[in-house]
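K.L.:
These protein sequences, in sequence, are chains A and B. Numbering-wise, the first sequence is residues 1 to 411 according to full-length UniProt numbering. Numbering-wise, the second sequence is residues 1 to 411 according to full-length UniProt numbering. Before anything else, here's the structure in question.
Number of protein chains: 2
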Amino acid sequence: MKHTSRDIRTANRYEVLRHIIAESPTSRQELAAVTGLSLATVATLVGELLELRMITEVGFEDSAGGRPRGLVAVNASGGALIGVDIAETYVHVELFDLALNVLARAEEDMRPGENRPEQVVGQVAAAVGAVVAQAGIEGARVLGVGVSVPGQVDRATGIAEYAPNWDWHDVPLLGLLAEHIAYPLHLDNPLRACAVAEQWFGAARGRGDTVVVNLGTGVGAGLALGGGLHRGVSNSAGEWGHTTLVLDGRPCHCGNRGCVETYVGAPGIMLNLRELNPQSPLLHPEDQTATVGALARGLADGDPVAVAVVRDTARYIGAGIANLVNLLNPELVVLSSWVARKLGEPLLAEVREAVRRHALGRPFAATEIVLSPIPTDPVCLGAATFALEGALRSVGLRNGGRPGRTVPASR
Amino acid sequence: MKHTSRDIRTANRYEVLRHIIAESPTSRQELAAVTGLSLATVATLVGELLELRMITEVGFEDSAGGRPRGLVAVNASGGALIGVDIAETYVHVELFDLALNVLARAEEDMRPGENRPEQVVGQVAAAVGAVVAQAGIEGARVLGVGVSVPGQVDRATGIAEYAPNWDWHDVPLLGLLAEHIAYPLHLDNPLRACAVAEQWFGAARGRGDTVVVNLGTGVGAGLALGGGLHRGVSNSAGEWGHTTLVLDGRPCHCGNRGCVETYVGAPGIMLNLRELNPQSPLLHPEDQTATVGALARGLADGDPVAVAVVRDTARYIGAGIANLVNLLNPELVVLSSWVARKLGEPLLAEVREAVRRHALGRPFAATEIVLSPIPTDPVCLGAATFALEGALRSVGLRNGGRPGRTVPASR
């Protein structure tokens with residue numbers, strides 16, 4: 001509940017920049033209206049961001065009867081941000097300008113079994129070097145690198161505490177990466193990256209409490225509650241994939257049984273298919289991506305096995321989302337990540353129907369369920385925003401002690 | 001995210017009064033430190049509360065080297081608050097002074113089948129009359145009545161939208177009560193009442209994110225997140241009792257199957273007992289209270305059937321709480337309501353062990369699980385605080401337009 005004035009100053013600076021990035025050009029008056037900050041505070045923060053060259057003055061707009069209002073916009077070329085999505089089956093790296101446009105992209109598949117920390121670090125370092133070279137950016141302009149890794153992470157120490165799919169325990173990931181990458185590094189996990197991406201650029205923009213359900217190899221839920229991310233006391237909130245849906249059900253690599261993930265993560269979907277038809281040509285043993293792709297094509301072709309598997313999977317996803325709806329009563333549920341993207345609208349329709357069957361009527365009626373509208377990898381985008389947040393925080397630390405640069409924390 | 005300045009003013013006034021009630025006497029300086037409000041804002045709010053005679057000046061304390069600091073304390077006799085707990089098997093009504101001490105209490109059992117709205121309203125009205133008479137309070141000093149009813153409620157309209165245990169749908173409860181009770185009425189549900197009671201006076205005082213798990217006839221979870229109550233978009237968050245724990249499991253009156261409540265609500269516990277030993281003398285058919293009481297005595301006597309039933313029930317509770325721990329990563333889980341109180345420490349020990357088996361290691365290690373330390377009915381206490389909040393809001397509305405009475409919303 002208690003925050004230092006430096007925390008509040010950083011949060012306000014970030015909030016103002018976020019609105020400028022989302023809606024450029026804009027005026028100080030408009031920013032005051034959308035953030036709830038006083039005009040004086042906004043003017044000070046805008047002045048700071050101008051001085052940092054993160055935004056620029058771009059002219060004036062008429063205001064009804066009053067003085068013309070100065071307009072500001074994000075200075076897209078004022079710096080670059082890198083987002084890294086380390087997933088179970090691939091590494092994606094994207095380089096963004098300050099308007100969060102993608103300037104360069106690198107993708108590498110992760111071969112099964114090649115997921116030791118030093119192997120992953122090597123892949124990431126190579127891909128980061130590749131996007132910087134590809135974009136033709138001077139290294140000095142890279143403000144930071146946000147790194148997303150599945151499982152539980154300690155943001156302060158940069159340690160990947162527990163990644164159940166790889167059985168990583170307490171891997172000092174940022175320390176290992178820092179041996180190869182000279183830019184400031186910021187660690188978090190894909191649940192929170194996706195949630196922030198939806199809040200900034202996706203379905204959750206301007207909406208209330210939102211749950212972003214990630215459907216990939218692992219699954220989880222990013223919780224955007226009360227206007228911010230709900231992280232929990234040790235930054236591990238959102239482990240929806242490891243909530244029990246079927247007591248004494250399928251064994252999970254986390255040690256529990258009947259976890260949501262064992263039915264709706266990509267390996268769980270493969271098992272759903274195998275249980276329905278072990279000989280199905282849709283099944284590509286050892287290749288999740290190919291199997292989910294085959295299911296998507298099967299759906300489009302009306303293949304009855306594909307339809308049955310997706311319906312079966314949607315029943316589990318729907319019962320699990322109904323739990324989120326009953327417990328959290330969100331305004332919005334967003335389906336994100338690669339499995340949701342591949343199975344798309346047909347999956348969404350089945351999931352909606354399954355949520356309706358399992359949820360209480362009132363909270364179900366209050367919740368909208370949609371697919372993520374973000375066309376690129378939302379994890380890279382969210383990870384890049386963590387790097388931006390980190391850059392603003394370090395600006396605050398550098399300038400915090402200098403007289404004349406303090407920003408009023410009042411609102 | 002956006003609040004009007006009147007909302008902020010009311011919230012700040014409430015926050016200051018809450019701290020004075022929790023910690024009397026206290027100084028303006030101390031209040032500024034614990035609330036994060038500026039000293040000037042606190043001084044204004046304290047001035048208002050003094051004028052309303054809700055608090056009084058009680059002397060001075062020395063401050064190291066500076067001027068003596070004026071101390072204020074709650075004016076216990078400055079008003080009375082009534083909390084009403086309408087549960088499935090009883091109605092409890094308590095009358096409090098402004099320090100939230102109980103001055104009078106009325107309890108009535110609700111006979112099975114006698115739960116039509118007009119029957120319940122008659123019982124509540126009689127009990128409210130009884131506590132006012134018993135306390136010898138002038139009616140004019142009753143600032144309000146907080147009413148808790150299970151299920152989903154619309155606070156703004158005073159409608160009990162859905163109470164699954166009674167099959168109530170859209171009952172205009174406050175309207176019906178207002179025909180008998182002349183004091184301001186405020187409706188909410190027991191999940192939120194218990195959560196607020198723990199925040200103000202119980203285990204959650206001064207703690208971070210807390211889940212208050214209510215174990216009664218119905219079950220649910222009050223969510224105290226980010227320093228406030230998480231209500232959800234339609235005020236129905238917390239329906240943990242209607243999250244699926246056993247897909248396709250026991251039928252629930254909500255229409256779903258395998259809900260947590262069907263295994264751990266008092267009727268679910270009776271079913272656990274019946275499945276284990278249909279002839280058990282511990283079983284009092286048609287009487288939940290007597291059965292849970294018999295189980296508690298059986299536990300104390302080492303009765304193997306009682307031990308087995310409580311272990312079985314604790315396994316379900318623990319798996320359900322593990323879901324909350326994995327999803328929300330709270331600092332604290334509090335077991336509340338009458339079933340938790342009756343089964344006490346032996347239940348707690350079994351629940352802790354079951355949560356440990358089902359939860360992820362990291363969030364489990366970060367969570368403390370305790371019994372509610374509140375000795376009286378926490379629902380009445382929480383409901384009374386909703387009445388207090390309502391009283392402060394109406395003060396704000398009455399004085400809001402008068403010049404010279406505006407309170408700066410800055411913090």
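Beta carbons are placed, not taken as given, at the ideal position from N, Cα and C, and that holds for glycine.
1) Please report the Cβ distance between Leu-176 of chain A and Val-147 of chain A, rounded to the nearest whole angstrom; I am assuming they are in contact, meaning their Cβ atoms lie under 8 Å.
2) Please confirm if Glu-161 of chain B has its CB atom under 8 Å from at least one CB of chain A.
3) Of all Cβ atoms in chain B, is any one closer than 8 Å to the Cβ of Glu-275 of chain A?
4) Since His-242 of chain B meets chain A, which of its residues come closer than 7 Å, beta carbon to beta carbon?
5) What did DSSP end up calling His-253 of chain B once you bin it into helix, strand or coil?
6) Around the Cβ of Glu-161 of chain B, are there at least 16 other Cβ atoms within 10 angstroms (buried) or fewer (exposed)?
7) Can you check DSSP and say which residues form a bridge with Val-264 of chain A?
8) Using DSSP with H/G/I as helix, E/B as strand and the rest coil, what is Ala-242 of chain B?
9) Cα separation between Val-309 of chain B and Asn-272 of chain B?
10) Hey, is Pro-190 of chain B's beta-carbon within less than 8 Å of any beta-carbon in chain A?
11) Name the DSSP bridge partner or partners of Trp-168 of chain B?
12) So, using beta-carbon positions, are Glu-57 of chain B and Leu-49 of chain B closer together than 8 Å?
13) Work out the CA separation of Val-91 of chain A and Gly-206 of chain B for me, nearest whole Å.
14) Closer than 8 Å, CB to CB, is Leu-283 of chain A near chain B or not?
15) Return helix, strand or coil for Gly-400 of chain B, following the three-state DSSP convention.
16) So, using beta-carbon positions, are Ala-340 of chain B and Gly-83 of chain B closer together than 8 Å?
17) At what residue ranges does the region 341 to 401 of chain A contain a whole run of the alpha helix (DSSP H), taking only runs of 4 or more?
18) Between which two residues does the beta strand (DSSP E) harbouring Tyr-316 of chain A extend?
19) What residues from chain A crowd round Ser-236 of chain B, counting only those whose CB sits closer than 9 Å?
20) Going along chain A in order, which residues have a C-beta closer than 7 Å to the C-beta of Asn-256 of chain B?
21) Kindly indicate which three-state DSSP category Asp-7 of chain B falls into: helix, strand or coil?
22) Please identify, using Cβ separations under 9 Å, the residues of the region 309 to 323 of chain A that lie next to chain B, in order along the chain.
23) Run through chain B and tell me which residues come within less than 8 Å of residue 413 of chain A, C-beta to C-beta.
24) Please check the pair Val-292 of chain B and Ala-314 of chain B, which I expect to be a contact at CB under 8 Å, by giving their CB distance rounded to whole angstroms.
25) Kindly indicate which residue of A:Val-325, A:Gly-228, A:Arg-297 has the alpha-carbon position closest to the one of Glu-345 of chain A.
26) Kindly confirm or deny that the region 213 to 223 of chain A and the region 180 to 198 of chain B touch, where touching means at least three C-beta pairs closer than 8 Å.
27) With 7 Å as the C-beta to C-beta threshold (strictly closer), list the residues of the region 18 to 48 of chain A near chain B in chain order.
28) Going by the CB atoms, is the gap between Cys-194 of chain B and Gly-228 of chain B shorter than 8 Å?
29) Answer with buried or exposed for Glu-94 of chain B, where buried requires no fewer than 16 other C-beta atoms within 10 angstroms of its C-beta.
30) Which ranges does the alpha helix (DSSP H) cover as unbroken runs of at least 4 residues, wholly within the region 5 to 75 of chain A, from first to last along the chain?
31) Using a Cβ-Cβ cutoff of less than 8 Å, which residues in the same chain neighbour Val-16 of chain B once the five nearest sequence positions on both sides are dropped?
32) Using DSSP with H/G/I as helix, E/B as strand and the rest coil, what is Ile-269 of chain B?
33) As a quick exercise: from A:Asp-301, A:Asp-312, A:Leu-343, A:Glu-108, pick the residue whose alpha carbon is nearest that of Asn-277 of chain A.
34) Buried or exposed, going by whether 16 or more other CB atoms sit within 10 Å of the CB of Phe-60 of chain B?
35) Is the distance from the Cβ of Leu-245 of chain A to the Cβ of Thr-262 of chain B below 8 Å?
36) Taking 8 Å as the CB-CB cut-off, is Leu-144 of chain B touching chain A?
P.N.:
The short version:
1) As a first step, residue 176 of chain A must be located in the first sequence, where it is residue number 176. As a first step, residue 147 of chain A must be located in the first sequence, where it is residue number 147. That belief does not hold up - the Cβ atoms of Leu-176 of chain A and Val-147 of chain A are roughly 11 Å apart, past 8 Å.
2) Along the second sequence, one-based indexing puts residue 161 of chain B at 161. Yes, contact with chain A.
3) As a working mapping, residue 275 of chain A is identified with position 275 in the first sequence. For Glu-275 of chain A, no CB of chain B lies under 8 Å from its own CB, so it is not counted at the interface with that chain.
4) Against the second sequence, residue 242 of chain B aligns to sequence position 242. Asn-326, Leu-360, listed in chain order.
5) Here residue 253 of chain B is taken as the residue at index 253 of the second sequence, counted from 1. His-253 of chain B carries a coil assignment under DSSP once its states are collapsed to helix, strand and coil.
6) Position 161 of the second sequence, counted from the start, is the residue given in the question as residue 161 of chain B. Classification of Glu-161 of chain B: buried, given that the 10 Å Cβ count is 16 or more.
7) Against the first sequence, residue 264 of chain A aligns to sequence position 264. For Val-264 of chain A, which the question treats as bridged, DSSP gives no partner whatsoever.
8) Counting from 1 along the second sequence, the entry for residue 242 of chain B is found at position 242. Checking the displayed sequence, the identity of residue 242 of chain B turns out to be His instead of Ala. DSSP places His-242 of chain B within a helical segment (H, G or I) once states are collapsed to three.
9) As a working mapping, residue 309 of chain B is identified with position 309 in the second sequence. As a working mapping, residue 272 of chain B is identified with position 272 in the second sequence. Rounded to the nearest whole angstrom, the C-alpha separation of Val-309 of chain B and Asn-272 of chain B is 6 Å.
10) To locate residue 190 of chain B, count along the second sequence from 1; it is residue 190. Nearest CB-CB separation between Pro-190 of chain B and chain A: not below the 8 Å threshold.
11) Taking the second sequence and counting its residues from 1, one reaches residue 168 of chain B at position 168. According to the DSSP secondary-structure assignment, Trp-168 of chain B is paired through a beta bridge with B:Ala-163.
12) In the second sequence, counting from the first residue as 1, residue 57 of chain B sits at position 57. In the second sequence, counting from the first residue as 1, residue 49 of chain B sits at position 49. Cβ distance not < 8 Å, so Glu-57 of chain B and Leu-49 of chain B don't count as in contact.
13) Position 206 of the second sequence, counted from the start, is the residue given in the question as residue 206 of chain B. Position 91 of the first sequence, counted from the start, is the residue given in the question as residue 91 of chain A. Those two C-alpha atoms are separated by around 42 Å.
14) Sequence index remark: in the first sequence, residue 283 of chain A carries index 283 (1-based). It does not; no Cβ of chain B falls within 8 Å.
15) Here residue 400 of chain B corresponds to residue number 400 of the second sequence, with the count starting at 1. Residue placement at Gly-400 of chain B cannot be trusted, given a pLDDT of 42 that sits under 50; the coordinates are not used to answer.
16) Mapped onto the second sequence, residue 340 of chain B falls at position 340. Mapped onto the second sequence, residue 83 of chain B falls at position 83. Cβ distance not < 8 Å, so Ala-340 of chain B and Gly-83 of chain B don't count as in contact.
17) Uninterrupted alpha helix (DSSP H) stretches at least 4 residues long and entirely within the region 341 to 401 of chain A occur at 361 to 365, 378 to 399, given in chain order.
18) Counting from 1 along the first sequence, the entry for residue 316 of chain A is found at position 316. According to the DSSP assignment, Tyr-316 of chain A belongs to no beta strand (DSSP E) but to the alpha helix (DSSP H) extending over 304 to 328.
19) As a working mapping, residue 236 of chain B is identified with position 236 in the second sequence. The contacting residues are Asn-326, Asn-329, Leu-360, Arg-362, Pro-363, Ala-366.
20) Start at 1 with the first residue of the second sequence, and residue 256 of chain B comes out as number 256. Neighbours of Asn-256 of chain B across chain A, judged by C-beta separation under 7 Å: His-358.
21) Here residue 7 of chain B refers to the residue found at position 7 of the second sequence. Helix, per DSSP.
22) Contacts with chain B (Cβ-Cβ distance below 9 Å) from the region 309 to 323 of chain A involve Arg-315, Tyr-316, Ala-319, Gly-320, Ala-322, Asn-323, listed in chain order.
23) In the structure displayed, chain A extends from 1 to 411; residue 413 of chain A sits before or after that span and is not available.
24) Position 292 of the second sequence, counting from 1, holds the residue named residue 292 of chain B. Position 314 of the second sequence, counting from 1, holds the residue named residue 314 of chain B. Cβ-Cβ separation between Val-292 of chain B and Ala-314 of chain B: approximately 14 Å, too far for a contact (criterion under 8 Å).
25) Sequence index remark: in the first sequence, residue 345 of chain A carries index 345 (1-based). For the residues A:Val-325, A:Gly-228, A:Arg-297, the minimum Cα distance to Glu-345 of chain A belongs to A:Arg-297.
26) The region 213 to 223 of chain A, when compared against the region 180 to 198 of chain B, does not touch it at the 8 Å Cβ threshold.
27) Cβ contacts with chain B come from Gly-36.
28) Mapped onto the second sequence, residue 228 of chain B falls at position 228. Mapped onto the second sequence, residue 194 of chain B falls at position 194. Annotated as distal: Gly-228 of chain B and Cys-194 of chain B, with beta-carbon spacing of 8 Å or more.
29) Within the second sequence, numbered from 1, the residue matching residue 94 of chain B stands at position 94. A residue is called buried once 16 or more other Cβ atoms fall within 10 Å of its Cβ, and Glu-94 of chain B is buried on that count.
30) Correct list: 5 to 22, 28 to 35, 39 to 51.
31) On the second sequence, position 16 is the one that residue 16 of chain B refers to. The beta carbon of Val-16 of chain B lies closer than 8 Å to those of Leu-31, Thr-35, Leu-37, Val-42, Leu-45, Val-46, Leu-49 in the same chain, with the five residues before and after it left out.
32) Within the second sequence, numbered from 1, the residue matching residue 269 of chain B stands at position 269. Residue state for Ile-269 of chain B is assigned as helix, using DSSP reduced to three classes.
33) Locating residue 277 of chain A in the first sequence gives position 277, counting from the first residue. For the set A:Asp-301, A:Asp-312, A:Leu-343, A:Glu-108, the Cα lying nearest the Cα of Asn-277 of chain A is the one of A:Asp-312.
34) As a working mapping, residue 60 of chain B is identified with position 60 in the second sequence. By the neighbour-count rule (16 or more Cβ atoms within 10 Å), Phe-60 of chain B is not buried but exposed.
35) Counting from one through the first sequence, the residue named residue 245 of chain A turns up at place 245. Counting from one through the second sequence, the residue named residue 262 of chain B turns up at place 262. Result no, Cβ atoms of Leu-245 of chain A and Thr-262 of chain B do not sit closer than 8 Å.
36) Here residue 144 of chain B refers to the residue found at position 144 when the second sequence is read from its first residue. Checking the displayed sequence, the identity of residue 144 of chain B turns out to be Gly instead of Leu. So no, Gly-144 of chain B is outside the interface.
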